[in-house]
């Protein structure tokens, strides 16, 4: 359950991230470079080059990057969130899953978990855990 927390969160946050104007070319590029330089096992040079290809629209590259990271597993998703928090804290704190967690913590700090939005996001997150 908790072992897939970042992976599930990234699946839930993908639409928001891909439609947020703050996720511009410069920010996506910074995130790709950070993942590639610090975690080459998550994002190889070849993969980083693909996600930095300016002939492809930024929102398409971002969607492909997020799909790629989800395919890589929990650690890759966790490192994406870490990078986003460092590079764009305003985007990070506005993520739907972060807002939901904060709201649940304020409403009921003892709630163990909550089922999310139903199909196609059959996810369960544990609130109040960062």
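Residue numbers (the numbering used here): 747 to 876. C-beta atoms are modelled at their ideal positions from N, C-alpha and C, and glycine is treated no differently.
field: Distance between beta carbons of residue 759 and residue 843, contact taken as under 8 Å
entry: Distance from residue 843 to residue 759 at the Cβ level is roughly 5 Å; contact confirmed, criterion being Cβ atoms closer than 8 Å.
Within 10 angstroms of the Cβ of residue 755, are there 16 or more other Cβ atoms? Answer buried if so, exposed if not.
Counting Cβ neighbours within 10 Å, residue 755 comes out buried, since at least 16 surround it.
Residue 845 to residue 837 span [Cα, whole Å] | Distance from the CA of residue 845 to the CA of residue 837, rounded to the nearest whole angstrom, comes to 11 Å.
Nearest neighbour of residue 753, chosen from 768, 832, 824 [CA to CA]
Among 768, 832, 824, the Cα nearest to that of residue 753 belongs to 824.
Problem - Neighbourhood of residue 771 by C-beta, 6 Å cutoff - its chain only, sequence neighbours within 5 removed - result: Apart from the 5 residues on each side of it in sequence, residue 771 sits with its Cβ closer than 6 Å to the Cβ of 804 in its chain, given in chain order.
Is it buried or exposed for residue 829, if we count other Cβ within 10 angstroms and need 16 for buried? Counting of Cβ neighbours within 10 angstroms places residue 829 among the buried residues, the total reaching 16 or more.
Q | Pick from 763, 814, 809 that is closest to residue 789, judged by C-alpha positions | A | Considering only alpha carbons, the answer is 814.
- prompt: Going by the beta-carbon positions, is the gap between residue 800 and residue 778 smaller than 8 Å?
  reply: No, the Cβ-Cβ distance between residue 800 and residue 778 is not below 8 Å.
Checklist entry - Which first and last residues belong to the alpha helix (DSSP H) in which residue 805 is found? => result Bounds of the alpha helix (DSSP H) holding residue 805 are 804-818.
message = Output needed for residue 775: all residues of its chain with C-beta closer than 8 Å, excluding positions within five of it in sequence on either side, in chain order.
response = 798.
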